[in-house]
Amino acid sequence: MINHIKYAFLPLVVFTTGLFTSCDEELEFTADESAYLSATQINGMLLDATTNKNNSIVELRNDEQSTDIVFRLSKQPKTGIDVTITVDESYVTTYNAIHNYCCPMKLFKLK
2 MINHIKYAFL
12 PLVVFTTGLF
22 TSCDEELEFT
32 ADESAYLSAT
42 QINGMLLDAT
52 TNKNNSIVEL
62 RNDEQSTDIV
72 FRLSKQPKTG
82 IDVTITVDES
92 YVTTYNAIHN
102 YCCPMKLFKL
112 K
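2 is the number of the first residue of the sequence shown in the working numbering; add one for each residue after it.
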C-alpha cells in the first residue's frame, strides 16, 4: 500500500518542483516584421511600358536603345506624390570602366 502511495505522489512532487524552477535568462524572440510593411507603405517601381515588367538589364545591341518606362505605385496615395527620374553619372562611369567602353553621359536622354 505504501508503494502505491509513493508512486501516486511522485508525479505531484515532480510537477511541483517544475513549478518552482525558474530560468536565469528570459527568452527573447525578435520577429521579422518587414513582411507587414507593405500594408502600411506605398512603394513605387519603374516598369517597362510594353511588357509591364521591372527590367533591371537593358541590352545595348544597336547604336541607339530606347525604352518607354512608366512609374507605378503599390496602392493609391492619400496625397499627391512627386517623382523624379535621373541617370546616375557614376553608373555610366563604372559601366564604361568595366566594359572598356566610352559612352558619354550626354547620350543618355530622359523625355
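C-beta: ideal position from N, C-alpha, C; glycine also.
Using three-state DSSP, classify F72 as helix, strand or coil. The residue labelled residue 72 in the question sits at position 71 within the sequence shown. Residue state, collapsed to three classes: strand.
*Can you give the Cα-Cα distance for L28 and S39, rounded to whole angstroms?*
For the purposes of this step, residue 28 is identified with residue 27 of the sequence shown, where counting begins at 1. For the purposes of this step, residue 39 is identified with residue 38 of the sequence shown, where counting begins at 1. Between L28 and S39, the C-alpha separation is close to 29 Å.
_Paired residues, beta bridge with D49 - DSSP_ = If you number the sequence shown from 1, residue 49 lands on position 48. Answer is I70, bridged to D49.
- prompt: For the ligand NAP, is there a heavy atom less than 6 Å away from the beta-carbon of I99?
  reply: As presented, the structure is devoid of all ligands, the ligand NAP included, so that no description of it is given.
Query raised in the report: What whole-angstrom Cβ distance do N48 and I82 have, given they're in contact under 8 Å?
Result: As a first step, residue 48 is located in the sequence shown; it is residue number 47 there, counting from the start. As a first step, residue 82 is located in the sequence shown; it is residue number 81 there, counting from the start. Correcting the residue type first, residue 48 is Leu in the shown sequence and not Asn. Contact check for L48 and I82: beta-carbon distance about 16 Å, past the 8 Å limit, so the pair fails to qualify.
query = Relative to the alpha-carbon of T85, which residue among M46, E65, A98 and N101 has its alpha-carbon at the smallest distance?
reply = Position 84 of the sequence shown, counted from the start, is the residue given in the question as residue 85. For the residues M46, E65, A98 and N101, the minimum Cα distance to T85 belongs to M46.
field: Coil, strand or helix - P78 by DSSP
entry: Counted from its first residue, the sequence shown places residue 78 at position 77. DSSP places P78 in coil when its eight states are reduced to three.
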